[in-house]
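Residue numbers (the working numbering), protein chains in the order written: chain A, 1 to 682; chain B, 683 to 996. From the three backbone atoms N, C-alpha and C, an ideal C-beta is built for every residue, glycine too. Quick caveat, the model's predicted, so the values are computed rather than measured.
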Amino acid sequence: MNVLPVNVAAASVLLLLVFSLLAAILRRWQAVLVVVSFLTSALASLLAVAAGVWSVGANSTGRIVLPIGLPDLPFHLRLDPLAGFFLTVVGLLAFFVSLYSIGYVRGYLGRRSITSLVIFYCLFLAGMFMVVLADDALFFLVSWEIMAAASYFLVLFENERVENRRAAFLYMVVAHVGAIAILLAFGVLAGCAAGFGSFVGYTFDAMRQATFPVPWATAAFLLAFFGFAAKAGVVPLHVWLPEAHPVAPSNVSALMSGVMLKTAIYGIIRVTFDLIGTFPWWWGALVLVFGLLSAVMGVLYALMQHDLKRLLAYHSVENIGIILIGLGLAMIFTSFQLPLLAALGLIAGLYHTMNHALFKGLLFMGAGAVLHATEERNMEEMGGLIHRMPWTAALFLVGCVSISALPPLNGFVSEWLTFQAFLLSPSLPSQVMKLLIPLGAALLALTGALAAACFVKAFGVTFLGHWRGHRRPTEIREAGWTMRLGMLLAALSCLGLGVMPTLFIEWMDILAEQLVGARLAATASEHGWMWLTPVSYERASYSGGIVFCGILVVVSAAYLLLHVKPGAIHRVPIWDCGFEKLTARMQYNATSFAMPIRRIFGYLFNIKEQAILAPQSGHKAFPVRIRYRLRIRDRVWGWIYKPIVEVSFWLSRKVGRLQQGRIQAYLIYSFVTILVLLVFMR
Amino acid sequence: MKPSAFVVELLQIAAVVGLAPAFVGWVRMLKCWSQGRTSASLFQPYRDLAKLIGKDVVLAENASWIFRFTPYLLFGTAVLSAGIIPILSVDLPMAPAADIIVIVALFAIARFFTALAGMDIGTAFGGMGASREMMIASLAEPAMLMAIFTVSLTNRSTSLAQIVMVITSGETVVRPSLAFALLAFVMIALAETGRIPVDNPATHLELTMVHEAMILEYSGRHLALIEWAGMMKLFLFVAMGIAAFLPWGIATEGHLLALPAAFGILFAKLGLAGIGIVWIETGLAKMRLFRLTEFLGSAFLLATLGMISFFILD
């Protein structure tokens, strides 16, 4: 048999599905189960990466029609370069996280059964792979639900805590509202493709060939965008994200934040560029506006957090926003028939998709290692971990620098490309768009600067300074080697993508060709693999490699020059301007670090701040203790969700009157129902 | 690329590294004179640096590698930017490695690590400086990029060398958008280099310091590198302003013969820039931290006006 990438991908999914069944048999030997299951999922992820890289690199499209599904509606699988790209993104992080999980999940041994964690982990991976591979609406939604349900159970893994149950419930509700919207969107598309009486239109191929009337296409797009935005955590649909991601086990949070959200990005690209194909410019503007909103609000909310994993979860909102900015620009340029510029926007968005998967995965893995060692998620109770966990600290720092969009790491490359796409707005024919689009660039710049502030806070408060917690710092141990290996590989990929962007862009350029009809690499790498020159050499150029090497050379030269005469280094107690009674409580913590920014952007939040003076002896000016209380809430919750919750409670109270607990009443209901049915359904 | 371009490249880096302390000395001298004080020599900053380099390092017990690495990184990013910004000539082999957005980001990574180093020792001062610095940066950076975008939209490039070429070739006439952008750039440059009214480079008052608070614990050669990098940063911001707004005089070819003229014009421009800085600094008072939102907000507004006038008038 001729082996195609799609066969490899299918084998990977099959491996995961089969193993999730086998895991039940292995459940008696928990220690073995951990190693075997995560090695299996690592293998399956590698297969997926291989299939993805291969299909993008060879520009191959393979199909499989499975004999299962509903009668006459078989499942279709298809691996084209777009699917291949996302398969690579998902598979790559899944591989790193699976290695990491071997060490991480071992920490649960002896405390609880990990069988369910392992089973749903495999199902979750399989679900994500299948979403990307699905080529008909039915299989897509089935995979989407498998992914959602598996992640629901993973969020619920430590289900003895109330917050976990509440977060999982909220997640389930939002996921299903989103899934219904996606279902309706596909319904509209399938209906337009083959008429409302037929089921032929449910395959993506039928949708691809159909042309849609503008109102129906718009309806489908809006429904799909809403549904996918709910999954991706776009503001204002993000409320479930900061609840659900932190409470899941850290390896799962890494996958949920790093790659599960990307399936929604995949969905948006698939529906707009591939299935619908042509669209008016305002769709792009809508995506761009929501992208900007998510980016700024996400990072501002993240700044206010002092729970490390919650902070990272809010940053996913921000990064999804940045990805959407790239996509939105690509859509705007496409609808004005500027394919080359659209290619730039699209590549920027997709590059950031890959970047975010890697550095957010890395950061969640780092947070997991910290959680593992300190049993603490609150940054205010940490500090000085760089001395106890040097590896984790260094790798976490790589993630921080990447996500803050600083050169020479990868986050900067995609942000730089997005800036370049912004600066091409004068080519647009519309005067208003010309003017408004560069203003969006300022918001992106604000996002980048705030992200840097946020990660100075996250890294500084967690890893630097003195230990603030209650446990003895000597009890804290560095993460095990499998955990470090997972993080190390992710960090190295971040560096690779930052230093050699042209190689990556050349590889994925086929996507731009297929989706918007122009290639970027012809210009982007015309001056060799070291120079990234989108559009033209005169316009802008960047070389991550030279920046990296340049800094490296100067740093080492300065170091060597200054150490010709070996000057002594004296280790002494902290000086602190001569102050002697320094305690760990005097350090800046997360709350105080964010105070200036909280004060400037405070009107965007619902903040309640209280300082309570404890009962004192003597004068009011000399309180014995001061208690400080700060509560920050999402305004979106009060504006949008609270009314919805209240209306649904009100409605259910009204409907609840039907249920009186009296058998007679229920018998009357049944009688009336039967009567009505008999009369009308003869 | 001619071999002489590499010579020019090295000369330029050496010029920035070597002249930056003199430029700071010049600014201090002017400031003393304008306040009716007797000034120290122009070469005092060199003596300070030499003295610091000769001293032993006194390092806090719990300082991590970040604290020790930061001074070298600051110096490294400054030297790298010195090789990229067209100061003497546009024909630099390293210029294509980074455009103006990358240079802003290089300063950002230096700031990122300075803030981390401030938090590393675990004193209240360090954290305070880091928190304030990042707050100022998050307001300054959008305005900075906005001003830069106005310049690059006008010249259709974000590469500084290309901007210089376009302006000096006379394709860009003096435009209102550039005037607004220049005003915004000057205001942001004051914030980014830690000058009055945003920060006071000579302060050791705990309530007002921002940059100083982060580097209080440094000593010896570490401190020397940080100070030196700070001086280079001031120099580079002036050079960036010159390249983006008033580039006449920068050699457009890599001839070694064109260099003396370029040097002469650079000296004249730096001298004038020093007068400008002192004029602003003696005319203004240091602002309260939370008044900075107004200052940086108006810089952002000016940059936005520049961009709007680009689209409307041009």
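- Between Leu117/A and Leu87/A, the gap from beta carbon to beta carbon reaches 8 Å or more.
- For Phe605/A, the three-state secondary structure derived from DSSP is strand.
- For the pair Val920/B and Ala955/B, the CB atoms are nearer than the 8 Å cut-off.
- Chain A has a Cβ within less than 8 Å of the Cβ of Gln844/B.
- Proximity of Gly912/B to chain A, defined by a Cβ-Cβ separation below 8 Å, is not satisfied.
- In the DSSP assignment, Val572/A forms a beta bridge with Ala742/B.
- For Gly291/A, the nearest beta carbon of chain B is not closer than 8 Å to its own beta carbon.
- Note on geometry: alpha-carbon atoms of Gly545/A and Val65/A lie some 45 Å from one another.
- Put simply, the backbone Cα of Ser425/A is about 27 Å away from that of Ala264/A.
- With fewer than 16 other CB atoms across the displayed protein chains lying within 10 angstroms of its CB, Phe972/B is exposed.
- Listed by position along chain A, the residues whose Cβ is nearer than 8 Å to that of Glu823/B are Ala445, Leu446, Gly448 and Ala449.
- Per DSSP, the continuous alpha helix (DSSP H) segment holding Tyr121/A begins and ends at Thr115 to Leu133.
- Contact annotation for Pro407/A against chain B: Val784, Ala787, Leu788 and Ile791 [CB-CB distance below 7 Å, chain order].
- Cβ neighbours of Met379/A within its own chain (closer than 6 Å, five residues either side excluded): His306, Leu308, Val461, Thr462 and Ala590.
- Within the same chain, and ignoring the five residues on either side of Met922/B in sequence, the residues whose Cβ sits closer than 6 Å to its Cβ are Ile767.
- With respect to chain B, the C-beta atom of Ser151/A has no partner C-beta closer than 8 Å.
- In the three-state scheme derived from DSSP, where H, G and I count as helix and E and B as strand, Thr418/A is classed as helix.
- Between the stretch 449-460 of chain A and the stretch 809-824 of chain B there are three or more C-beta pairs closer than 8 Å, enough to call the two in contact.
- Annotation: Leu428/A to Pro438/A spans about 12 Å, alpha carbon to alpha carbon.
- Cβ contact annotation for His470/A (same chain, cutoff 8 Å, sequence separation greater than five): Glu381, in chain order.
- By a beta-carbon distance limit of 8 Å, Ala330/A contacts Leu346/A. Their separation comes to about 4 Å.
- At least one CB of chain B lies nearer than 8 Å to the CB of Pro596/A.
- Rounded to whole angstroms, the gap between the alpha carbons of Leu14/A and Ala445/A is 44 Å.
- Contact with chain A is absent for Glu691/B, since none of that chain's Cβ atoms lies less than 8 Å from the residue's Cβ.
- Beta-carbon to beta-carbon, Leu918/B and Tyr754/B are separated by about 18 Å, too far to satisfy the 8 Å threshold.
- Interface residue (Cβ-Cβ distance to chain A less than 8 Å): Ser834/B is classified as such.
- Judged by beta-carbon spacing, Ser113/A lies within the 8 Å limit of Gln30/A, meaning their Cβ atoms are closer than that value.
- Listed along chain A, the residues sitting closer than 7 Å to Thr759/B by beta-carbon distance are Ile551.
- Under the 10 Å beta carbon count, Gly736/B is surrounded by fewer than 16 other beta carbons and is classified as exposed.
- If you look at Asp881/B, you'll find it isn't in any alpha helix (DSSP H); DSSP assigns it neither H nor E.
- A contact between stretches requires three or more CB pairs, one per stretch, nearer than 8 Å, and the stretch 876-883 of chain B fails this requirement with the stretch 783-796 of chain B.
- Annotated three-state conformation of Thr203/A is strand, per DSSP.
- Our two residues, Gln431/A and Ile990/B, have alpha carbons roughly 11 Å apart in a direct line.
- For the pair Ala829/B and Ile782/B, the CB atoms are not nearer than the 8 Å cut-off.
- Annotation note: the stretch 196-258 of chain A contains the following uninterrupted alpha helix (DSSP H) runs of length 4 or greater, listed N- to C-terminal: 204-209, 214-232, 241-247 and 250-255.
- Annotation for Met433/A: Trp281, Ala285, Ile332 and Ser425 place their beta carbon closer than 8 Å to its own, counting only its chain and skipping 5 residues before and after.
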